[in-house]
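Residue numbers (the numbering used here): 1 to 429.
Heads up: the structure comes next, in structure tokens.
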């Protein structure tokens, strides 16, 4: 997490540590700017953050390039416990949840590591899954196994726990933001699908096992355009019928998305066909080893219900027609709009010639977040929405936008100094 690691940089700066002890060269005249940037990114109080932001913006040294460089390279990490850590916890809104970790004994803070987040099934705990998984990964991986009551990973609170766990690990350890994987078994596999689909830009890949999705949730598979998928299911699974994964595979075929699907015929003495055979492990780990997140793909597809309007990489759905909205239950099927699968959809592509083409369904307003890796800000930009020109002209990068988005996203691989809002005219009756 950008901001939390910034606390250490701030303490070094205030203590007068030499520039050579930091991950980026910070001259005496830049130390104050760097400290305020990281204070802003880490501020828990909104009013305090706003005051810091205005102070930074008044500093003539706070250019887009200098601020972006500090955020990208100004991270360092303190020494942290390593080895088997089964009794950690994470607190969200006053509620404590058990968290089991395995950090390779050879962990070095100067090296970035992949993170595998594993979600347990019904009747199990993160600690039990830690015991199963810690010997399965090489020392290039950090392992996090949170515990959620009854393995109900298809709820809003569970979704928040998964995202908070990632942020917690990023604040303490040197996690490679482009190598975060989400996997889960049974109920945990359902969670891997749901959370993976709604927050696809976070993950380098998802690997649901012995799980499935209800038909009303199938449209959200479109969000996985840029997110690799690895499925495992037992043909003799008596708890989650294998056709649940087969139906997802058929849907992915219709979308034209690549995926890996492994079916096995094995049976466990206790679990029957509803388990993850150790024989499947080497291929899965090889798959982890071979995948990295693409931070800034040139095409995105996002499907949203009315409760998931957060940014999706460089796009965000801001306003919609009346659409389905999930309650605290992310597999809610009681709402009539959910039954009818009335969701908002946006498909955006960056083309040659500084041109962005967008197709929408049930979207009334959306945002584009851009940078110099996606477009050339010095040249006129054209945005086409549903075949019509919705913007044509020069966009203006802003330090304020850069900082606000960096604080919101906490992702040094995605820094956006440009925010463009596009309103879609209401169709005539």
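Built from N, CA and C at the ideal position, the CB exists for glycine as well.
It should be emphasised that the depicted structure is a prediction, and the values quoted were computed from it without experimental measurement.
Rounded to the nearest whole angstrom, the CA to CA distance from residue 359 to residue 332 is 27 Å.
As the crow flies, the alpha-carbon of residue 304 is around 13 Å from that of residue 224. Under the 8 Å Cβ criterion, the region 252-270 does not count as touching the region 164-175, having fewer than three qualifying pairs.
Residue 180 is positioned such that its CB atom lies no closer than 8 Å to that of residue 101.
DSSP, read as helix, strand or coil, puts residue 339 in helix. The C-beta separation of residue 420 from residue 349 comes to about 15 Å, leaving the pair out of contact by the 8 Å criterion. Note that the C-beta distance between residue 297 and residue 178 is not below 8 Å. Rounded to the nearest angstrom, the gap between the Cα atoms of residue 347 and residue 269 is 47 Å. Segment contact: the region 45-63 against the region 147-161, fewer than three CB-CB distances shorter than 8 Å; contact not assigned.
Under the DSSP assignment, residue 235 falls outside any beta strand (DSSP E); it carries neither an H nor an E label. Per DSSP, residue 370 is one residue of the beta strand (DSSP E) stretching across 363-370.
Of the other Cβ atoms in all chains shown, 16 or more fall within 10 Å of the Cβ of residue 184; this residue is therefore buried.
With a cut-off of 8 Å on Cβ pairs, the region 370-379 is not in contact with the region 319-335, counting fewer than three such pairs. Taking all protein chains in view, the Cβ of residue 57 is surrounded by fewer than 16 other Cβ atoms within 10 Å, so the residue is classified as exposed. Under a 10 Å Cβ-count criterion, residue 151 is classified as buried, with 16 or more other Cβ atoms of the shown protein chains found around its own Cβ. Cβ-Cβ distances below 7 Å link residue 411 to 177 in the same chain, with the five nearest sequence neighbours on each side left out; the list follows chain order. The C-alpha of residue 395 is placed about 37 Å away from the C-alpha of residue 192. In the structure shown, residue 279 adopts helical secondary structure according to DSSP, grouped into three states. Residue ranges of uninterrupted alpha helix (DSSP H) with 4 or more members, entirely inside the region 114-149 and ordered along the chain, are 126-133.
Taking the CA atoms as reference points, residue 79 sits about 7 Å from residue 109. Around the beta carbon of residue 96, a 10 Å sphere encloses fewer than 16 other beta carbons of the protein chains shown; the residue is thus reported as exposed.
Rounded to whole angstroms, residue 361 and residue 240 show a C-alpha spacing of 33 Å.
Under the three-state reduction of DSSP, residue 388 is assigned to strand.
Rounded to whole angstroms, the separation of the alpha carbons of residue 293 and residue 313 is 12 Å.
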